[in-house]
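Take a look at the structure below.
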Amino acid sequence: MERFCVAYDYQAALEKVQSAESDRQKLIDEQDALLAAQGEATKNAEACAAKVAEIERIRGEEMEGELKELKHNETELGKTLVKVNTLHTNQKESLAGEQESLASLLRQCDAANALLLQKTAELEACNEQLKGKESAAQEAENAFVVVREKYQNACAGVTDETSAELLSLPEQVGAWEKKERETHSTMQQCEQRASYARTQLKDLQKTAATQSKSQATIIQESEKLKAQVTESEAKIQQIRSQDAALAKLDEASLRTQAGALQSSIAQLK
């Protein structure tokens, strides 16, 4: 009976040992499977880490390229802004200069018109004087002709209604000699007056010719000034048109674009 119990205990112990060995083998198999899974997981983790590193590298290169491009665009916009501001300033200065030139030309034109009116009035006055001198010269010529006829009649012995027919011959001769002297003196005066009138007439004719030339010169200068005024007005209109075109690229718009680029750069950083 005791042997049976020992055999039973031995058999039970042997079964336990076999069961434990089986469990140990299972654990070893499970451990090997876990180790294999761990190795695979490690490989997968390393592969994932490599992919992440590659993605980060590519993303970094892309962000760096975008950042460089944005910075380049910002620089170019800044240069464009400076150029536009400089051009706008130059156009404003040119406009101010053209406006000042226009004002100066208008003042010169007004002065030329005033001088033209003055010269026209002087020419008209000179023409009036010329007419008066021509009339005086004609009167002197007429008086000279009358006196000359009387003198010739006196020399020929022809009397008129003013002669003293009742005088004696010596008295008549004395009267005619006196009349001759008076007539000769009158003729000389008339000749002097006629000569002076002719001289004045020539001077006035020269003055009138000079005034006419001066008036023509003033008219030409006035026309030149008017042409310059028209040209200056056209330049001012051109500058204003250019300013209207530049208004589409004004400073506020460019600064807005630069601000947007700076915001994009800040987000990428």
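For what it's worth, this note's numbering labels the leading residue of the sequence shown as 121, then goes sequentially.
C-beta atoms are modelled at their ideal positions from N, C-alpha and C, and glycine is treated no differently.
How many Å lie between residue i and residue j at the Cα?
i      : j      : result
Gln340 : Leu197 : 52 Å
Thr200 : Leu187 : 20 Å
Lys171 : Ser142 : 42 Å
Ala132 : Leu154 : 32 Å
Gln238 : Ala245 : 11 Å
Ile148 : Cys168 : 29 Å
Lys326 : Gln211 : 52 Å
Ser305 : Cys229 : 57 Å
Leu236 : Ser224 : 18 Å
Asn247 : Gln312 : 23 Å
Glu351 : Val204 : 26 Å
Asp323 : Glu343 : 30 Å
Asp152 : Glu174 : 32 Å
Gln145 : Asn164 : 28 Å
Please classify residue i: does DSSP put it in a helix, a strand, or coil?
i      : result
Ala127 : helix
Glu285 : Residue placement at Glu285 cannot be trusted, given a pLDDT of 46 that sits under 50; what the coordinates show is reported in the next sentence. DSSP places Glu285 in coil when its eight states are reduced to three.
**Message:** So within the region 142-219, which uninterrupted alpha helix (DSSP H) runs reach at least 4 residues, ignoring any that extend past its ends?
**Reply:** Complete alpha helix (DSSP H) runs here, min 4: none at all.
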